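Colleague:
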Amino acid sequence: ARSLVDGYLTAHPGGGWLDPLSTADLLESYGLPLTTTVWARDEPTASAAATALRTRGHEGKVALKAYWPGQVHKSAAGAVRTGLADDAEVRSAYREFVRRFGAELAGAVVQPMAAPGVELLAGVVQDQVFGPLVVLGLGGTATEVLADRAARLAPLSERDLTTMVTELRSAPMLLGQNGETAVDLAALRSVLTRLSRLAEDFPELAEADLNPVIVRPDGAVCVDARVRLE
Ligand code: ADP
Ligand code: MG
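In my numbering, the protein residues as written are 405 to 634.
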């Protein structure tokens, strides 16, 4: 992780957003549960990667996401295709990216489809005065609309880990209600703890945004992450 961060900041002295694979490397080195993410620079590579990953995806499906440096909100730009069920769908989605994004398109990432669950966001932001804050909230498409969030200074205490979850308005969706099963709270706490450790170890981590982390009764997996170094 140290050599990745130093290498990036040497090449980009002003800082910036890591590409998808460096992001995955950094987060995975802290044990954060990112879904398998394979880089594809063209249609044949995307097709081959999707064929290999399809068996691991929920209902045998994959997601394909266009990437170009400096991208912000992928779905709003038409850069995310989910639930692709066969090779023809993957290839036509890739060709659509080429048509839509032209020379800007650097490639795409292929991921297995994760099983549905509650979409949360987990991340790190820097407070000018107090340093890194770990954030937990409702994620996915509800992120901006509901702005349901809890934040605590790193390092997180055991009590922080508990209250960050319970103070969310969405807490009943996580803790189990009306006889529903609770999500895997240990997996969720582990995500927050690992983010806290990463933020403590790297003051260069200006921003980390894992959205969504899909939490289910049987675990948690992140399918989209962004990291900015400074
Ligand atoms: P962005 O946030 O940049 O628009 P995401 O990668 O988060 O792009 O994708 C948008 C939404 O698509 C996610 O919130 C999630 O609902 C769904 N999604 C993306 N990738 C996957 C995946 N691998 N498995 C299941 N759902 C996914
Ligand atoms: Mg996202």
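A virtual CB, placed ideally from N, CA and C, is assigned to each residue, including glycine.
All figures in this text were calculated on a predicted structure; none of them were measured in a lab.
1) On a CA-only basis, which of Ala-483, Ser-479, Leu-599 and Val-502 is nearest Thr-545? Give me that one, please.
2) Report yes if the C-beta distance between Arg-460 and Thr-440 is below 8 Å; otherwise report no.
3) Could you pull the DSSP bridge partners for Tyr-471 from this structure?
4) Could you pull the start and end residues of the alpha helix (DSSP H) that Pro-616 belongs to?
5) Would the C-beta of Asp-628 count as close to ligand 1, meaning under 7 Å from any of its heavy atoms?
6) Report the option in Asp-491, Ala-444 and Val-476 whose CA atom is closest to the CA atom of Lys-465.
7) In terms of alpha-carbon separation, which member of Gly-623, Leu-550 and Ala-415 lies closest to Arg-595?
8) Could you tell me if Thr-427 is buried or exposed, where buried requires 16 or more neighbouring beta carbons within 10 angstroms of its beta carbon?
9) Cutting at 7 Å between CB atoms, please list the residues of its own chain near Pro-662, excluding the five before and the five after it.
10) Leaving out five residues on either side along the sequence, give the residues of the same chain with a beta carbon under 8 Å from the beta carbon of His-462.
11) Assuming the contact rule is C-beta atoms closer than 8 Å, Leu-602 and Tyr-498 should be a hit. Round their C-beta distance to whole Å, please.
12) Does the distance between the C-beta of Pro-448 and the nearest non-hydrogen atom of ligand 2 fall short of 7 Å?
13) Does the Cβ of Gly-381 lie closer than 7 Å to at least one heavy atom of ligand 1?
14) Consult DSSP for Gly-527 and reduce its assignment to one of helix, strand or coil.
15) On the CB-based measure, 16 or more other CB atoms within 10 Å of its CB, does Asp-410 come out buried or exposed?
16) Need the endpoints of the alpha helix (DSSP H) that Gly-411 sits in, please.
17) If contacts are defined as beta-carbon pairs under 8 Å, then Leu-422 and Val-617 qualify, I think. What distance do you get, rounded to the angstrom?
18) Are three or more beta carbon pairs between the stretch 497–514 and the stretch 444–461 nearer than 8 Å?
19) Going by the CB atoms, is the gap between Gly-506 and Leu-524 shorter than 8 Å?
20) Rounded to the nearest angstrom, what separates Cys-626 and Ala-575 at their Cα positions?
21) Between which two residues does the alpha helix (DSSP H) carrying Pro-448 extend?
Modeller: Let me lay it out:
1) The residue you call residue 545 lines up with position 141 of the sequence shown. Minimum Cα distance to Thr-545 is reached at Ser-479.
2) Residue mapping note: residue 460 aligns to position 56 of the sequence shown, counting from 1. Residue mapping note: residue 440 aligns to position 36 of the sequence shown, counting from 1. The answer is yes: Cβ separation under 8 Å.
3) Taking the first residue of the sequence shown as position 1, residue 471 is located at position 67. Answer is Gly-511, bridged to Tyr-471.
4) As a position in the sequence shown, residue 616 is number 212, starting the count at 1. From DSSP, Pro-616 is part of no alpha helix (DSSP H) but of the beta strand (DSSP E) over 609–620.
5) On the sequence shown, residue 628 is found 224 positions in, with the first residue counted as 1. It does: the Cβ of Asp-628 is within 7 Å (strictly closer) of some heavy atom of ligand 1.
6) One-based indexing of the sequence shown puts residue 465 at position 61. Measuring from the Cα of Lys-465, the nearest candidate turns out to be Asp-491.
7) Here the question's residue 595 lines up with position 191 in the sequence shown. Contrary to the premise, residue 595 reads as Val rather than Arg in this sequence. Ranking the options by Cα distance to Val-595, first place goes to Gly-623.
8) Within the sequence shown, residue 427 is the residue found at index 23, counting from 1. The residue in question, Thr-427, is buried, as its Cβ has 16 or more Cβ neighbours within 10 Å.
9) Examination of residue 662 is not possible in this model, given that the chain is present from 405 through 634 alone.
10) In the sequence shown, the residue the question calls residue 462 occupies position 58. Closer than 8 Å at Cβ, skipping near neighbours: Pro-516, Met-517, Ala-518, Ala-519 and Pro-520.
11) Here the question's residue 602 lines up with position 198 in the sequence shown. Here the question's residue 498 lines up with position 94 in the sequence shown. That pair is no contact at about 32 Å.
12) If you number the sequence shown from 1, residue 448 lands on position 44. The answer is no for Pro-448.
13) Because the chain here runs from 405 to 634, residue 381 falls outside it and cannot be looked at.
14) Here residue 527 corresponds to residue number 123 of the sequence shown, with the count starting at 1. Note: Gly-527 maps to strand in three-state DSSP.
15) By 1-based counting over the sequence shown, the position of residue 410 is 6. It counts as exposed.
16) What you label residue 411 is simply residue 7 of the sequence shown in a count that begins at 1. Here the alpha helix (DSSP H) through Gly-411 covers 406–415.
17) Working through the sequence shown from its first residue, we reach residue 422 at position 18. Working through the sequence shown from its first residue, we reach residue 617 at position 213. Incorrect: roughly 18 Å between the Cβ atoms, too far for contact.
18) yes
19) The residue given as residue 524 occupies position 120 in the sequence shown. The residue given as residue 506 occupies position 102 in the sequence shown. Not closer than 8 Å, so no.
20) The count along the sequence shown starts at 1 and reaches residue 626 at position 222. The count along the sequence shown starts at 1 and reaches residue 575 at position 171. Their Cα atoms are separated by approximately 19 Å.
21) Within the sequence shown, numbered from 1, the residue matching residue 448 stands at position 44. Residues 447–458.
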